[in-house]
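Peer 1: Top line first, the protein sequences correspond to chains A and B.
Using this note's numbering, you'd call the opening residue of the first sequence number 1 and step up by one each time.
Using this note's numbering, you'd call the opening residue of the second sequence number 1001 and step up by one each time.
2 protein chains.
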Amino acid sequence: MNKSPLILVTNDDGMNAKGMETLISVARKFGDVVAISSREPMSGMSHAITIKVPLRVKLVEDEPGLKRYITNGTPVDGVKLVFNSLAERKPELLLSGINHGSNSSSSVLYSGTMAAAMEGAINHIHSIGFSLLSFDPDADFSASAGVAEEVIQAVLENGLPDGICLNVNIPAIPSEKIRGIKICSQANGYWKEEFEKRIDPNGTTYYWLTGFFHNREPENGGTGTDEWALKNGYASIVPINTDLTAYKVMEELRSMGFAQIAKND
Amino acid sequence: MNKSPLILVTNDDGMNAKGMETLISVARKFGDVVAISSREPMSGMSHAITIKVPLRVKLVEDEPGLKRYITNGTPVDGVKLVFNSLAERKPELLLSGINHGSNSSSSVLYSGTMAAAMEGAINHIHSIGFSLLSFDPDADFSASAGVAEEVIQAVLENGLPDGICLNVNIPAIPSEKIRGIKICSQANGYWKEEFEKRIDPNGTTYYWLTGFFHNREPENGGTGTDEWALKNGYASIVPINTDLTAYKVMEELRSMGFAQIAKND
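1. Would DSSP call Asn202/A helix, strand or coil?
2. Taking the continuous alpha helix (DSSP H) assigned at Lys1075/B, which residues delimit it?
3. State the Cα-Cα distance for the pair Glu217/A and Gly1031/B, rounded to the nearest angstrom.
4. Establish whether the CB of Ala87/A and some CB of chain B are separated by less than 8 Å.
5. If you measure beta-carbon to beta-carbon, which residues of the segment 1239 to 1256 of chain B are closer than 8 Å to chain A?
6. Quick check for students: name the residue ranges of the beta strand (DSSP E) that lie wholly in the segment 12 to 100 of chain A, counting only runs of 3 or more.
7. Could you check the C-alpha separation between Met1001/B and Ser127/A for me, to the nearest Å?
8. Please list, in chain order, the chain B residues whose beta carbon lies closer than 9 Å to that of Asn158/A.
9. Can you tell me which residues form a DSSP beta bridge with Ile183/A?
10. List the residues of chain A that Gly1097/B touches, going by C-beta distances under 7 Å, in chain order.
11. Counting only C-beta atoms, is Asp265/A closer than 8 Å to chain B at any point?
12. State the Cα-Cα distance for the pair Val108/A and Asn1084/B, rounded to the nearest angstrom.
13. So with CB distances below 7 Å, who are the chain A contacts of Phe1195/B?
14. Tell me whether Gly211/A sits in a helix, a strand or coil according to DSSP, three-state version.
15. Is the beta carbon of Leu1095/B closer than 8 Å to that of Leu1009/B?
16. Contact check, Gly184/A vs Thr210/A under 8 Å by CB: the rounded distance?
17. What are the start and end residues of the beta strand (DSSP E) that includes Ile178/A?
18. Grab me the residues of Arg89/A's own chain with a C-beta within less than 6 Å of its C-beta, minus the 5 sequence neighbours each way, in chain order.
19. Could one say the Cβ of Gly129/A lies closer than 8 Å to chain B's Cβ atoms, at least one of them?
20. Taking the C-alpha atoms as reference points, what is the distance between Tyr1190/B and Asp200/A?
21. Using CA atoms only, rank isn't needed, just tell me which of Asp77/A, Ala27/A and Pro161/A is closest to Pro239/A.
22. Just verifying my parser: in three-state terms, what is the DSSP assignment at Asn103/A?
23. Applying the 10 Å Cβ sphere with the 16-neighbour rule, what's the burial state of Arg39/A?
24. Can you give me the start and stop residues for the beta strand (DSSP E) that Gly1189/B sits inside?
25. With Asn1167/B as the anchor, note down where its beta strand (DSSP E) starts and where it stops.
26. Report the neighbours of Ala1048/B on chain A: residues whose CB is nearer than 7 Å to its CB, in chain order.
27. So, helix, strand or coil for Ser144/A, using DSSP?
28. Going by C-alpha distance, which of Arg56/A, Leu81/A and Ala87/A is nearest Asp62/A?
29. Return the residue from the list Tyr1247/B, Lys1177/B and Ile1051/B that minimises the CA-CA distance to Tyr207/A.
30. Tell me which residues share the same chain as Gly73/A and place their Cβ nearer than 6 Å to its Cβ, disregarding the 5 neighbours each side in the sequence.
31. Give a yes or no on whether the minimum CB-CB distance between Tyr190/A and chain B is below 8 Å.
32. Anything in chain A within Cβ reach of Ile1122/B, meaning under 7 Å, just list it in chain order.
33. Given that Pro54/A touches chain B, what residues does it touch there, using C-beta distances under 7 Å?
34. Could you give the distance in angstroms between the alpha-carbon of Ala1017/B and the alpha-carbon of Ala172/A?
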């Protein structure tokens, strides 16, 4: 009999997040789980790593099939700690989330959840990030649990291309209303910030980062963006490159003014 | 007569970094500069944004052609602040760096310098990140200043494709030894961590993140990776996608096990 696969579960919403509990429960159906997260939420940490302060790790749960750690580090620190110091063997699969809130479109760039998945992919671990389109701490994760189970099953059976991880987003609607799961592209959009300027009791100005997401291609159902799929009742899967090279513009760049500076090219 | 272009200069090494001073000097040859950075270094912050604490900003220098701010925010926060609150007009160009240390290969993912450039690209500003392959606070930036000037000139003349920024790395060798500038791909490599485990005076374990970069394709001069170019005396330019979609694997994914779960696709 084969050994159970080892599955690393992490998130960026902190150790008590309902989304992570959900993902650990789903993961345990497929193998042994080693989970790591911060005590407090770490949203918006992206691919940050901790260089200036030492990392702390505490084993907070240890039962057959589940080891659980907390750390003061970022999501990416946590992944590195498990790969290099905490796990007795190499995880076969990395699952991140289920995030409370969307990581579709360009939100992927700010997301600690997706950075953890990208860190897995760089290290040749099949990696998937999951996000539910609801910030509610007590959101209903039953539909996302179902989607997660289906996607994990498919990845365990088929693997993933080298250096690629999956960005899975799930609309906040009941399971029976989800129309399916679509392979999508990252919608062209950005966060339009509106800094809220306030004055503190000492008379000094400060700002709160607020804003709203602006989709530059709202009607783009044709090429299948994640935003379009989610708005239309589908869960979306965007395959994410960890090689950021814009290959398709390399020739264009070479033929532009840059050629003149490539002295000995 | 045309108004001077407005150039946003930022970095992740803090306001006193020699690399940023160098870049501001180069930028002033091309237009008016608005500079923003943190007081202390922010290396490894990647695309992190500040959500939990308010942002502070202070104008520390205001002379003809140069406004300079410091903030407690990350490099990406700083860019957002300038775009949305501090600059009187939209910058034509964003320059980030010159970073003390390489941002080649997968280091692009951890880099606050490159995250700032990517934030610019998402907002349709021509954006370039520069890094010198030396961590020395007092490194010789004269060769990188020359490279930066040439690249900026080319970008102001030709523009950049939408959603793409440039990751420029410069070897730490004298100007006359630089063989040219090559348009490259991001080398396939990763940071192999070796956490240093220590015991503090209270008997509690802690870890320092250390490690070394491992290039998976050291001999790959054929397709022109950045690592190869830098090792061989060239400055490297990698065009960086802010759309992370792995388009080339979408069909493969659709034909794998995922099709079965795309119920109504």
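Backbone N, C-alpha and C define an ideal beta-carbon position, used for all residues, glycine too.
Peer 2: According to the data block:
1. DSSP places Asn202/A in coil when its eight states are reduced to three.
2. Checking the displayed sequence, the identity of residue 1075/B turns out to be Pro instead of Lys. Residue range Pro1075 to Leu1081 is occupied by the alpha helix (DSSP H) that includes Pro1075/B.
3. The alpha-carbon of Glu217/A is positioned some 33 Å away from that of Gly1031/B.
4. Chain B has no Cβ within less than 8 Å of the Cβ of Ala87/A.
5. The segment 1239 to 1256 of chain B vs chain A, Cβ under 8 Å: Pro1239, Ile1240, Asn1241, Thr1242, Asp1243, Leu1244, Thr1245, Ala1246, Tyr1247, Val1249, Met1250, Glu1252, Leu1253, Arg1254 and Met1256.
6. Fully enclosed beta strand (DSSP E) runs of 3 or longer: 32 to 38, 57 to 63, 66 to 71 and 93 to 100.
7. Residue placement at Met1001/B cannot be trusted, given a pLDDT of 42 that sits under 50; the coordinates are not used to answer.
8. Simply Leu1253, Met1256, Gly1257 and Phe1258.
9. DSSP output for Ile183/A lists Ile237/A as bridge partner(s).
10. Those do not exist, as Gly1097/B stays about 17 Å from chain A at its closest Cβ, beyond 7 Å.
11. Because Asp265/A sits at a pLDDT of 46, beneath the cut-off of 50, its placement in the model cannot be relied upon, and the following sentence gives the value as read from the coordinates. Asp265/A counts as touching chain B.
12. So the two alpha carbons sit approximately 21 Å from each other.
13. Neighbours of Phe1195/B across chain A, judged by C-beta separation under 7 Å: Leu81, Asn84 and Ser85.
14. Gly211/A carries a strand assignment under DSSP once its states are collapsed to helix, strand and coil.
15. With the sequence shown as reference, residue 1009/B is identified as Val, and Leu is not the correct amino acid for it. Their beta carbons are under 8 Å apart, which means Val1009/B touches Leu1095/B by this criterion.
16. Position check: residue 184/A holds Cys in this sequence, whereas Gly was assumed. The distance from the Cβ of Cys184/A to that of Thr210/A is about 27 Å, inconsistent with a contact at the 8 Å cut-off.
17. Counting along the chain, Ile178/A falls outside any beta strand (DSSP E), and DSSP gives it neither H nor E.
18. Correct list, in chain order: Leu6.
19. Not an interface residue.
20. So the alpha carbons of these two residues sit roughly 44 Å apart.
21. Closest by alpha carbon: Pro161/A.
22. DSSP, read as helix, strand or coil, puts Asn103/A in coil.
23. With a 10 Å radius around the Cβ and a threshold of 16 neighbouring Cβ atoms, Arg39/A comes out exposed.
24. DSSP places Gly1189/B in the uninterrupted beta strand (DSSP E) bounded by Gly1189 to Glu1193.
25. DSSP places Asn1167/B in the uninterrupted beta strand (DSSP E) bounded by Ile1164 to Ile1170.
26. In chain order: Gly44, Met45, Ser46 and Ala48.
27. In the structure shown, Ser144/A sits in a helix (DSSP, three-state: H, G or I).
28. Of the candidates Arg56/A, Leu81/A and Ala87/A, the residue whose Cα lies closest to the Cα of Asp62/A is Ala87/A.
29. Comparing Cα-Cα distances from Tyr207/A to each of Tyr1247/B, Lys1177/B and Ile1051/B, the minimum goes to Ile1051/B.
30. Excluding its 5 nearest sequence neighbours in each direction, Gly73/A has C-beta neighbours in its own chain below 6 Å: Thr50 and Leu55, listed in chain order.
31. True, the Cβ-Cβ gap to chain B drops below 8 Å.
32. Near Ile1122/B (Cβ distances below 7 Å), the residues of chain A are Ser106 and Tyr190.
33. Going along chain B in sequence order, the residues near Pro54/A (Cβ under 7 Å) are Tyr1206, Tyr1207 and Trp1208.
34. One C-alpha to the other measures close to 46 Å.
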